[in-house]
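Q:
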Ligand SMILES: [Zn+2]
Ligand SMILES: [Zn+2]
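In UniProt numbering, the protein residues as written are 1 to 161.
1) Which residue's Cα is closest to the Cα of residue 4: 52, 42, 20, 47?
2) My parser needs the beta strand (DSSP E) runs of 3 or more residues fully inside the region 30-55; what are they?
3) Could you spell out the range, first to last residue, of the beta strand (DSSP E) harbouring residue 73?
4) Mind checking who residue 64 pairs with in its DSSP beta bridge?
5) Are the beta-carbon atoms belonging to residue 30 and residue 55 less than 7 Å from one another?
6) What does a CB cutoff of less than 8 Å around residue 108 pick up in its chain, not counting 5 residues either side in sequence?
7) From which residue to which residue does the beta strand (DSSP E) around residue 115 run?
Structure, rendered in structure tokens:
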């Protein structure tokens with residue numbers, strides 16, 4: 001299977017209102033041509049790795065002390081969510097520790113849902129790594145807000161159905 005990777009980066013990065021293409025954004029990190037310089041950049045690249053099924057990258061950027069036996073096989077198994085978008089709510093860095101709160105929207109057989117998580121990151125061996133996260137209930141947009149799927153329609157006229 002060949003996958004066209006010349007697509008807008010799944011993480012939603014934009015420069016001057018124009019979507020940044022995957023090979024110029026998280027693709028650079030997935031190919032190890034660049035390292036995440038902030039916890040938020042790492043978090044964005046990890047979301048893109050889920051979308052692009054770069055499971056090796058997810059293991060490589062997960063702090064070894066927090067993996068708890070997690071493997072590429074675990075990550076590549078079902079369920080396969082249909083990822084819609086990433087919304088970073090807040091991010092902060094303090095010394096060797098960072099936190100990013102985000103919502104990752106997806107659709108599965110039960111409809112629209114989101115992973116709402118506050119992830120912890122640690123600067124370890126000269127690189128930012130994911131350690132663990134605390135999950136919360138999704139915060140849904142208001143009915144008249146833009147939909148989370150990127151359609152530019154109002155939520156009530158799109159994925160709310
Ligand atoms: Zn990206
Ligand atoms: Zn939608």
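From the three backbone atoms N, C-alpha and C, an ideal C-beta is built for every residue, glycine too.
These numbers were taken from a predicted model, which means no experiment stands behind them.
A: Quick answer:
1) Closest option to residue 4, Cα to Cα, is 52.
2) The beta strand (DSSP E) runs of length 3 or more contained entirely in the region 30-55 do not exist; there are none.
3) DSSP places residue 73 outside any beta strand (DSSP E); the residue lies instead in the alpha helix (DSSP H), whose first and last residues are 72-76.
4) Within the DSSP secondary-structure output, residue 64 pairs in no beta bridge.
5) In terms of Cβ geometry, residue 30 and residue 55 do not form a close pair [threshold 7 Å].
6) Closer than 8 Å at the Cβ level, and outside the excluded window around residue 108, lie 79, 81, 82.
7) DSSP places residue 115 inside the beta strand (DSSP E), whose first and last residues are 111-124.
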